[in-house]
Each structure stands twice: as C-alpha cells, then as structure tokens.
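Residue numbers (the numbering used here), protein chains in the order written: chain A, 837 to 1220; chain B, 8 to 469; chain C, 806 to 1142.
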C-alpha cells in the first residue's frame, strides 16, 4: 500500500479531530460515531494493524475507512509533517480494499454505476444535458469557457436547480460558456476518493481527450469536487487547463458591478465546501459575492474557513450515506450551527452541500426558518 | 459477553457500544510503550445516569470498567489490564456552568482541555484555566485525576489543587457530590471546610470511582502574555535560578528543558518563563523584575537571557504547545513516552545528568523537561524519549531506559507521576507500610469487587 | 593561524584617542584612552577589557586603521575575559556550526549572499533583484561568523572564516552582494585586518540597491515619509558604505530625520547588550534611541540588520513608528509592496 511506511507515525494526539481553535470536534465521522476508530488517528492505527495482520478486513473496518468524508480537516490541523498525506493515506487504504473487492455494497454499486452508466444515478447519458432546457446555456462549440456541470448537477433534482441558476447567471453576465451535455462524463473525483484509481484514470483520460478534441482551454465548474479533480489530479495525466470554480468567475463580475443588483435584506451564513475551501484554499471569492449584494448581511458560523465543518457528503458519502443518518449526522449538526447564527439562509457553493444541507433542514423541521441557497440562486434573486 | 453487550446497548444505544475487533484493537493501546490488553467492549455514554447503569451492570457481572479520556497519559492508565469495559468519556463534554464572579466552571467528565479554553476565550475572556501541554483533546477530568500540571501550576500547584468539587460514580453505581457541592448548590470548594474526600479519587486513576463532573477553578486571564528564556550551561545552578524567579511572584509558568537538537538548544539548560499582564506597564514591570532577579547569574556569566526568535516565541506561547506533541516524530516514528517523577527542585542536576547518561547508554533521542510546581516546592522532571513505533529494538531500549529512570527516581527521593502499573508497584513496595495499608483499605472499601480499573494501585499484589 | 595587523606605536602616537574618547559607554579623556589602548596592545590588563560592551564603534572611530575593537576582542580571548554568559556564547557557536543544510540557487559568477539569515529567503523577490536572482547562497557554510566578536571568540572566526571563504571559492563566484551588513564587513574589513585573503569582490547590498533603484527610477514614486535609520553595530565595519543610506533615501523620497543618535553617534539596538549584561543597560539604550526617533518625528524606522529589527520592531511599533527593513522600503518605493 502506498504510504505504508508512514502510517506508524501517527501519535493519536487527536489534533486532527478538532478545529484549529478547539471550539469543537470537526472530523465529521468522529463527530457522528464517537468511537476513536472513526477519527483520522483511529484510521491510521487500524490501517497499520491491518497491514501488520493484527486485524482483518471486515464490514466494520470497511465502514470505518469509507466513513471518511475526505474533508481534509485532519490535513489542516494535524501537527505533524506528514499531515498533508492523511487523506491520501485513507484513499490508498481504500484502493487496497477495492483491489481486493472487499468494499461496502454501496461503494461497489456506485463504482459500478459510474463504470457502466457514466453517472451514479444509472440514468441515460442522453439526459445529462436536459437540465439546460429553457435556459440560455448553449452546447459547447468554441466558447471561451466549458461549463462543466458534473453528475450531481446534471441529474439530482435539487442540484439541477443550482446548475440552472449558475448557468443562466454566467450567460447573463456576458460570459461565453457552453456545456458538453450528453458528451459530458463523470469527472472522477469521488471515484478517486473511493479508491478506484484505475477507473478514475480511465475517466480522466476520456475527459482530457474530449476536452482536447473540442479545443477546451478554460473550464468553469459548478461543483468544487470537479474543480478539485481538474485542478489537481488531471495535470499529471496530461490535462492542463485553466480551471475555475463558478464563484471565482462571478466574484469580479459582481464586484465590478457588471450585473446590477437590488437591495436584498437577507441574513446569510456561508458554508465553505471542503473541496473549494480547505482543499483549494478558496475562501474569499464566494464571500466577496455575498458581501457585494446590497442589504445582505453575512454572518459567519463559528466554524468557518479552514475550520468549516463538512456537510458529510465528501469522500463518496453523498452516495454511500454512511454518515447520513441520525441526529448526529454532520449535515444536521451543521444546520443547527447555521441556525445559531440567526441567519435565514445558508449559502452554499456546491451541489452536494446544497442537497445534504437541504435534506438536513427538513429532517430538523426547520423549513420555515432556514433556506439553503446556492450563491448563484441568491444573486439571481437579487437581480435588479 | 454477548449478553453484556446487549445490556450495554440497552443502556447507551446500539450505536455507542462495540465489541468489534477494530475498537478492541485501538482501545487496547495507548501511544506509549505498554503492550496491548484488549477490552471486551467499549462504550461511549452520554450521561451520568448511563454511567451509573454501566457500573451497576459491571458490579453485578464482576466485569472491570476502565474510564478513558483521550488516553494521553502515555503510561497505560486507560489500557484495560484485565479486559472489561472501556468507558470512553468524551461524549460527555458539556460545559455546564461558568460562574464569572466566583471564577469556576463545572464541566462534564469528558470535556476536553481545548474545548474549555475555546469556550472561555469566547464567552469569558477574562478567565482561564490551568491548561497542560498535552494535546487539546486531553480531558480535564483525566488530567486532574492523574494530578496533572499546567500553565498555572507554578502559581497554584497541581491541576488537582485547582478544583472546587467533583461528581463521581462509585463502584456501586451510586453517584456522589464531593466538596461544597455535596450540601450547597455552589461549588466553591473541593473539600474544606469539610473532610476533603477528593483524596479518595484523585490520583487513583479511576480505581475508586469515575469522575462525571468536575468543578474547575478559573483564574484571571490577562490581555498580554510573553515569554523569556534564561539559559545556563551549568545544571547545578538551575535550582538557584528557579528559586530567585519564584521569589518574584511575577512568573506565570516555569518550564526547563535541555535537549541536543536543534542546534540552538544544544549544551544548555533553558529556563522558559512566561508572564502576563493587562498593560504595557505591567508587562514591563514584570519583565524588569524577572530580569533583575537573575542579575547575579548574569554578572558572573553563569547565565543570560537568550534572544527568542519570533517563530520560536509564537510556538512557545501556543496553548497547548503543539510542539510538545511533535517530539513524538523526531525519530519519524510517532512514539514518545516519558517518566515524569515529581521531585525536589534541587535534584535537577542529578536528573539532567541521568537523562544524558541513559540517552547515551541506550542510544535514544531525548528531551529533559521540567515544570516547576508551586514556588519551587517541587518539580515534575520528565525523562522523555522519542522512539520509532516501527522499530521494536528502539522501543525495547526505550522501555529499559524508562525502567532505569523509575529506579533512579525512587532512589533520588522522587514520586512517580501517573506511574505505569509497574511503577505503581515499585512505589507501593517502597512506601511506608502503614500508608500502603491505608491505601489498601481504601481501595478495598471503595471497590470491593475489584472492578474499577483493576491492575492499578493493587496493594494486595505488593 | 591568522593574526591581527595591529601596531601599538600607532596608538602610542595617536593625537586624539578617538577610539575610546568617542566611546558612548566609557567616557574617557584622551590621555586615559591612549594609555589603556597601549596597555591592551602590550597584553597588559585594562578595565576596558571588562567594561567595553562590544558595540564595534571604535573600529570606525579609529581613523588610523589600527583595529581597536578587534584588539580588545583578541585580548579578551587571550585573558579569558568573558563578555557574554558562557551559555549564550555556546549557543551562538552551536547555531553557526555548518550542518550541511545550506541552500544554493542557480549560482553563477555574481551572487546574492543571504548569510545565515532565513528572512532573506522570503524577502528577496521582485524587480530589484531580478538581475541577480536566482543566483543566491544561504547557510551556515556561508555564514561570516563575525558576530563572535560580541562574545570575544576570535578563535572561532579564525577557524571558520577561512573555510567559509573556501566554500565561496568552490562556487566560483567573482562578485558577492551581501544582504547582511555584517557579512560585508567580514570580507571587506575583518578579513583584511587578519591577513585573510578574499578571492571575490564583496559588494554591500546598499550599493547594489542604489544602483538598481537608479536603473529602475521610472518606477519610483516618492514615499514622502519621515524616517529614522537604525544603524547596526556591524555598520562600523562598513562605514565607507554608510553614505548610501542618505543616497537611497534621497532617491526614493524618504526624509531621514536629523536626530541625535545617528551616523557616528548611532546607538546599538540593545539586543546583545541585553544578552550580555542584563536589563538596565539595554533598556536605557533602547529607550534613549526610540525616544530620539519619536522626538524627531519619525514615522518609520528603517532597519539594515534583521537582528536589530527583531530586537526593536515591537518597541518602535508601540510608539507608533512603523518598523521596516531597507529592502522592503526600496520595494515599496517601486510600487511592489
């Protein structure tokens, strides 16, 4: 296993579980399950025990490994020099399990669906671009930007609304964008995170070929997960593109007043998506958009920025739902935290966060007090 | 055991009990050197009522129970030596009350150091507690239970001196309030003017009862904090320097360290002293007083205040000091254990020489570190060795070095702090037989079935 | 072993005794000054060997090139008269010991030397340095070692400096621009005083900055600030370069306040004074220095030496005076910061 030579270096001190200022436990899996085994330090020690033959692969072991949301809180807060490798270590262990075929059924089903259908919903590729009907978003020909939507944004009922809002707003802002529609396939970020490196490479190479063939140079992503894959994992495979998350494109547009906005008296709290925030250090662009909306009051949650608490959707959990259930699920905890700010809106910049948090609002019975809106939806609602 | 697990599941809920190999593996160990001992199961309760039921069950079934904070004592105190039920306390992490005027907080038995610190900084910025340098996940109750020390120890004693009450679950499952809280709604004292019953629990490592609530004394938190380091090449002078510093009553905390690397630290003894103040004038007055207290050593060239680079200052002022944990990876092996006897300050030179001798004999990476307790009433001297967890030979050499430390410490008149099971035996063997007898009587009365963290303080085995 | 080029007759016939007469700490008359220097030159005891606080200034005050401060240091070493506490001396000797952890850029015939000051690794960027970077040198292997004259340890210098010079020689550099003033002093002043050959041309970074600013003068926007300059002790070994301070300030529109403790009368930052002698002297000197800056309306304090800066920056900032290194000041002048 990759990184096998460093797993013994974990001191199980637990800094990885906390925010940087210790206001709360911040590892979503530990926060939900509360056994040390579900924390990053726990995983490190278990991986070592497994590699040494002291513990065997089991359902529990698989659950522990696949409960990691890859949110990178541990990478951010571990005090040791190997901290940057922590999530990679958990993914490497998952790769071993995938290679042995000993993985939770939900993971197996997800990977199979991607392999067979090109998306986890097992829906036809032909329907991938359907979300764009009745929007001004056009198919990609040779526009300046490819607008890459991703599986969740293309098929999930909630996320599709976000895709429409973002796509429409980008066009309204005068940006030259186009989508691949049915030619689009999965970016592979979750596939890689779940340890299926072979399938990831296949997807990446396919996407890179498609992008090259179509002359794509610049990509705007809806989903921070795709942003992460294109920015960090595609270049070593030959995919060098200029990659932006849509908030990074919108920020100068809004800040430069290229779109006119009306007074919008909303109290909003912003939830940093892990793959935009901690993984790629983009904390400012989404906030600058919100701050530029007249009348909007931005209130930060206690855990924000590099200390943001993951919605629990990353690392494949959006699909496998290992973290999803119960009052102590990360999404429900996050919604309660948002409620404490007094805000009426949770602003998101990720379709997976949108869905996770919206479901959590419903589970908490807070639909009349808290709305989940993506940044583009908020801006759209405030157009002059 | 399956029946027991099912009973526990009825108490805490299915999700919070496990007898799985994964939990057994992890909870059988701590980051120190003690060999693993597997628990039969692990539970994560949420309330004192759940703990009571767990203990009653354990008492009925004669199953050991081992309460656990974050497991960072490093001396195996949360490793279930006789199996049984490990009670992971960390779900009970609420801060129940902070009384600003009386300067105390009441927290649950699993509340972490970092959590209380963050809470106070946000809600009561004029108050602080005596935070140790163990990682922020360490729990307050466990630290008090082992007579830990922290940033305010030089001023106010052990962290266990800085409490104002306890709630404990006894081996029978009954719950008890200890201190003024036993008959008053106010937790202002851990004992006086009543007989101080905290002695029945503190220092016993859970062998007489489980702390479910703790009243923590809080102290003034000043707006500014700074650090100076006074260095000397002569270990024999350190006690005298510490005496002068403690005389000023201006210092917050005094830590002393000596280690071979990095190069800036080689060959010298570093007396790190912290001071706090609300104004620039207060800070400068304290700094001046502190510096002047060591004038004779400066004049004789026996010591001087080193320049502290900004990056080092920021590391030292961190609370808890994260660099302490990083010592574990010096050998790229995640391992760190220390024997930290409590001992008279005038033994510093002997201790400093001993660690050098042992580091050389056993070829180990080391740091000799001391924290002053009270006004030089005593010190904790930590013989700390770092090891590579993937190197069994290095681990064995570290064990041997630590054993020699234990022998030395007793001979030098020290008393083991958070002693391993072996050190506890050594201590009891050396102890006044009457004292040992008293401990035995207390243990027997408090835990007639021997279920409370067995293997610890077992007088009968001496 | 190298020996100091010193002639006791030069002191004997000195009309002024300026080295010790001008000393800001000893306050001697001419006759006493000459007499004590002669004693020291002859290897006899003198109170000067105990009372000198190692500010280096007499190296500048002596206009006869007879190296009074180096001599004092030699005799202190000889007589085992300590300046610093033993532990401080030991610490500094340990810090300077080569560890094999040096860093080299793409070194060619012309290079920037960062000495052993890690600050320069992040400070040196931008257009000012683009004609030399990435040709840079950093590490203990290239550390000038002059600082040990504060600790009366000339033996260390004589032992290490030739090896350092050899390390430079092996790089094949012909011209080295020293970003630490003391490094320049080592190769331009101390080495010759000991007859140690230097196989490259040392350039002071002020000379370099002045030339670069002149080349980039179209980018300069006058800063229009009133600044005090904190002259480091090592600048006494490079007093021929001191004029560049005013030259640079004039070029970039900084008004150098005319204060009491400047130029030949400059005061030490107090860092070494504190380490060696305790609270009172360092505090008094620092207080006087900063009060002087404030009294003359300084808005900023410009530092040459990173060590001075780390000693004084918080203290000056508390008085509302912005601390800034010369490099940052120059970068600011061309709109980079």
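Where a beta carbon is used, it is the ideal one built from N, C-alpha and C, also for glycine.
Alpha helix (DSSP H) containing residue 321 of chain B: first to last residue? First-last of the alpha helix (DSSP H) with residue 321 of chain B: 317–324.
Does DSSP put residue 1061 of chain C in a helix, a strand or coil? When secondary structure is reduced to three states using DSSP, residue 1061 of chain C falls in the strand class.
What residues from the stretch 295–308 of chain B come within 7 Å of chain C, judged by C-beta to C-beta, listed N to C? Taking 7 Å as the Cβ-Cβ cut-off against chain C, the residues of the stretch 295–308 of chain B that qualify are 295, 298, 299, 302, 305, 308.
Would you please verify whether the beta carbon of residue 29 of chain B is less than 8 Å from any beta carbon of chain A? Cβ-Cβ to chain A under 8 Å: yes for residue 29 of chain B.
For residue 846 of chain C, is the classification buried or exposed, using 16 other Cβ atoms within 10 angstroms of its Cβ as the cut-off for buried? Classification of residue 846 of chain C: buried, given that the 10 Å Cβ count is 16 or more.
May I have a chain-ordered list of the beta strand (DSSP E) segments no shorter than 3 residues that lie completely inside the stretch 879–954 of chain C? Counting only runs of 3 or more, we get 915–918, 941–943.
Beta-carbon proximity list for residue 1030 of chain C, same chain, < 6 Å, skipping 5 on both sides: The residues are 1059, 1104, 1105.
Contact set between the stretch 353–379 of chain B and chain C, restricted to residues whose Cβ is under 7 Å from the partner: From the stretch 353–379 of chain B, no residue has a Cβ closer than 7 Å to chain C.
Short CB-CB distance (under 8 Å) between residue 887 of chain C and chain B: Judged by the 8 Å Cβ criterion, residue 887 of chain C is in contact with chain B.
Simplified DSSP assignment, three categories, for residue 391 of chain B: It is a strand residue.
Candidates A:1210, A:876, A:1141: which alpha carbon is nearest residue 1190 of chain A's? Of A:1210, A:876, A:1141, the residue nearest in Cα terms is A:1210.
Listing by chain order, which chain D residues have their CB less than 8 Å from the CB of residue 124 of chain B? Among the chains of the structure shown, chain D does not appear; the protein chains present are A, B and C.
Between which two residues does the beta strand (DSSP E) containing residue 374 of chain B stretch? Where residue 374 of chain B is concerned, the enclosing beta strand (DSSP E) stretches over 372–380.
Mind pulling the chain A residues with CB within less than 7 Å of residue 23 of chain B? The contacting residues are 870.
Length at least 4, wholly inside the stretch 907–976 of chain A: the alpha helix (DSSP H) runs in chain order: You should have 909–913, 922–936, 941–953.
Partners in chain C for residue 246 of chain B, counting only beta-carbon separations shorter than 9 Å: Those do not exist, as residue 246 of chain B stays about 16 Å from chain C at its closest Cβ, beyond 9 Å.
So, under 8 Å CB-CB, residue 263 of chain B and residue 276 of chain B are touching, yes? Tell me the CB distance rounded to an integer number of Å. Indeed they touch by this definition, with Cβ atoms about 6 Å apart.
Shorter than 8 Å from the beta carbon of residue 972 of chain C to some beta carbon of chain B? Contact of residue 972 of chain C with chain B is not assigned, every C-beta pair being separated by 8 Å or more.
For residue 892 of chain C, return the contacting residues in chain B, with the cut-off set at a CB-CB distance below 7 Å. Those within 7 Å of residue 892 of chain C in chain B are 238, 239, 240, 275, 310, 311.
Considering only their Cβ atoms, is the gap separating residue 853 of chain C from residue 865 of chain C smaller than 8 Å? It is not a contact, given that the beta carbons lie outside the stated cut-off.
Can you round the beta-carbon distance between residue 221 of chain B and residue 176 of chain B to whole angstroms, since I take them to be within the 8 Å contact cut? The Cβ separation is near 13 Å, so there is no contact.
Alpha helix (DSSP H) containing residue 1043 of chain A: first to last residue? Judged by DSSP secondary structure, residue 1043 of chain A falls within the alpha helix (DSSP H) whose first and last residues are 1033–1049.
Residue-chain proximity (residue 281 of chain B, chain A), Cβ-Cβ < 8 Å: No, because no Cβ of chain A sits closer than 8 Å to the Cβ of residue 281 of chain B.
Which class does residue 1019 of chain A belong to by DSSP, given the choice of helix, strand or coil? Helix at residue 1019 of chain A.
In chain order, what residues of the same chain lie with their CB nearer than 7 Å to the CB of residue 1158 of chain A, ignoring the 5 residues before and after it? Cβ neighbours of residue 1158 of chain A beyond the five flanking positions: 899, 902, 903.
Would you report the Cα separation of residue 962 of chain A and residue 976 of chain A, rounded to the nearest angstrom? If you take the alpha carbons of residue 962 of chain A and residue 976 of chain A, they lie about 15 Å apart.
Going by the CB atoms, is the gap between residue 1073 of chain A and residue 791 of chain A shorter than 8 Å? This structure cannot speak to residue 791 of chain A, because chain A is shown only from 837 to 1220.
Would the stretch 1029–1040 of chain A count as touching the stretch 1089–1102 of chain A if we require 3 or more Cβ pairs under 8 Å? They do not touch, by the three-pair rule.
Where residue 839 of chain A meets chain B, residues with beta-carbon distance less than 9 Å: Result: empty, since nearest Cβ-Cβ is about 13 Å, beyond 9 Å.
Contact list for residue 95 of chain B against chain A, beta-carbon separation under 8 Å: Chain A residues near residue 95 of chain B: 870, 871, 872.
Could you tell me the boundaries of the beta strand (DSSP E) in which residue 219 of chain B lies? Element bounds for residue 219 of chain B: 217–224.
For residue 292 of chain B, the first and last residue of its enclosing alpha helix (DSSP H): Run containing residue 292 of chain B: 287–300, per the alpha helix (DSSP H) assignment.
Sequence ranges, alpha helix (DSSP H) only - wholly within the stretch 976–1017 of chain A, length at least 4: Complete alpha helix (DSSP H) runs here, min 4: 986–991, 993–1008.
Determine which residues share a DSSP beta bridge with residue 22 of chain B and list them. Bridge partners of residue 22 of chain B: none, in fact.
What does residue 904 of chain C touch in chain B if you count any residue whose Cβ is under 8 Å from its own? The answer, in chain order, is 270.
Would you kindly report the start and end of the unbroken alpha helix (DSSP H) that includes residue 1009 of chain C? Bounds of any alpha helix (DSSP H) do not take in residue 1009 of chain C; it lies within the beta strand (DSSP E) bounded by 1006–1009.
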